[in-house]
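For the sequence shown, the working numbering begins at 3 and goes up steadily by one.
The block underneath contains the structure these notes are about, expressed in structure tokens.
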Amino acid sequence: MNMTVINLNLERCKGCGLCIGACPVDNLRIGGALNQQGIEYAEVIDPDRCTGCGMCFRICPDMAIEIQRKPSKAGSEVVG
């Protein structure tokens, strides 16, 4: 069971695609929708496929990606 959630800040994403290349399970893509700056931003293909490895978070130059543990009874915890 996947215990992490990827949160993408759509307004920070500049669509560079670095996260897409870094994902070991090919679970990110440029989605085709535009943010307020008119830029196509990255999106998660299947949230359940995310391994929570943090590679996308580490490579993003704009800090547009946050990885969190799924909420439990005690709340959520930021991982990256």
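We treat Cβ as the ideally placed atom computed from N, Cα and C, and that holds for glycine.
Neighbour-count burial assignment, residue i, 16 or more Cβ in a 10 Å radius
i     : result
Val46 : buried
Asn29 : buried
Leu10 : buried
Ala35 : exposed
Residue i versus residue j: straight-line alpha-carbon distance, rounded
i     : j     : result
Pro49 : Arg31 : 12 Å
Val2  : Cys52 : The chain is shown only over 3 to 82; residue 2 falls outside these bounds and no answer can be derived.
Gly19 : Asn4  : 24 Å
Tyr43 : Cys58 : 14 Å
Cys25 : Gly56 : 9 Å
Cys21 : Ile61 : 6 Å
Gln39 : Gly23 : 23 Å
Beta-carbon proximity list for residue i, same chain, < 7 Å, skipping 5 on both sides
i     : result
Thr6  : Cys52, Gly54, Ile69, Gln70, Arg71, Lys72, Val81
Asn37 : Leu12, Glu13, Cys15, Tyr43
Minimum Cβ-Cβ distance from residue i to chain D less than 7 Å
i     : result
Arg51 : Going by chain labels, chain D is absent from the structure shown, which holds only one protein chain.
8 Å CB neighbourhood of residue i in its chain, flanking five on each side removed
i     : result
Ile41 : Cys15, Lys16, Gly17
Discussion item. Three Cβ pairs or more, each shorter than 8 Å: is that satisfied between the stretch 64-74 and the stretch 7-17?
Written reply: Yes: at least three Cβ pairs fall under 8 Å.
Worksheet entry | Segments assigned alpha helix (DSSP H), at least 4 residues, entirely inside the stretch 5-32 | Counting only unbroken stretches of 4 or more residues, the alpha helix (DSSP H) elements lying wholly within the stretch 5-32 are 20-24, in sequence order.
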